[in-house]
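Written below as structure tokens is the structure these notes are about.
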Amino acid sequence: GNSVTQMEGPVTLSEEAFLTINCTYTATGYPSLFWYVQYPGEGLQLLLKATKADDKGSNKGFEATYRKETTSFHLEKGSVQVSDSAVYFCALRVAGANSKLTFGKGITLSVRP
Amino acid sequence: EAGVVQSPRYKIIEKKQPVAFWCNPISGHNTLYWYLQNLGQGPELLIRYENEEAVDDSQLPKDRFSAERLKGVDSTLKIQPAELGDSAVYLCASSRGNGASETQYFGPGTRLLVL
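As they're listed, the protein sequences go chains A and B.
Residues 2 to 114 in the numbering used here are what the first sequence lists, from first letter to last.
Residues 54 to 168 in the numbering used here are what the second sequence lists, from first letter to last.
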């Protein structure tokens with residue numbers, strides 16, 4: 002089956018620190034990969050996505066590269082801000098009649114001033 | 054553009070009572086999803102609609118859960134009777150189509166507490 006594994010959290014960083022959140026996956030087919038973010042009190046929103054191997058998704062200073070050889074889609078940001086404090090979910094979806102978005106457990110990021 | 058609207062935002066009920074959640078998707082989005090999110094977990098799909106047709110309800114516990122999407126726009130998810138284990142956040146999402154790379158837009162969710 003399809004599954005997503007995220008690193009254990011929570012993660013606490015100081016402002017301007019470098020961020021890496023690990024995500025690996027298993028998939029029965031060729032997946033599209035996503036990072037969703039959930040800010041406090043809000044719904045999930047798409048942060049970035051990549052649809053084929055070696056694609057790099059980027060948004061708001063965050064980046065993630067689709068690595069087929071390591072089945073990974075790690076999220077990075079060079080300098081985090083307090084406003085980046087949120088829960089981050091890695092997800093995948095494989096094409097097909099009954100395909101569905103499969104999420105990881107999510108990881109809470111707290112950035113302190 | 055208005056986002057996905059859900060109501061109520063919070064609901065507290067006693068076990069064995071019925072409860073209903075409402076969702077209004079983004080205008081023009083044909084595909085609508087209901088997800089269940091337990092504490093500390095990622096969302097899990099309950100049901101997916103293409104217009105008014107439920108095309109994937111394999112994860113919906115049909116003994117107590119039901120859903121409808123009349124006229125292919127708004128949708129309602131119902132639980133009857135509710136159990137303690139149903140306490141969770143119920144998320145609605147919509148998308149223009151159903152491709153694997155399609156972006157899903159999520160509502161804020163309804164947080165249900167069953168006492």
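Ideal placement from N, C-alpha and C gives every residue a C-beta, glycine not left out.
Under DSSP, A:T25 shares a beta bridge with A:T6, A:S73. Boundaries of the beta strand (DSSP E) around B:Q59: 58 to 60. In the assembly as shown, B:T84 is a buried residue. Its beta-carbon has 16 or more other beta-carbons within 10 Å. Using a Cβ distance threshold of 8 Å, B:S147 and B:I79 count as a contacting pair. 8 Å or more divides the Cβ of B:S154 from the Cβ of A:S84.
Interface criterion met: the Cβ of B:F159 is under 8 Å from a Cβ in chain A.
Per the DSSP secondary-structure output, B:T163 pairs in a beta bridge with B:Y143. Residue A:E77 holds the alpha-carbon nearest to the alpha-carbon of A:K61 among A:E77, A:K53, A:T27, A:K69. With respect to B:I100, B:R117 sits apart: the two C-beta atoms are not nearer than 8 Å. Among the CB atoms of chain A, one or more fall inside 8 Å of the CB of B:T156.
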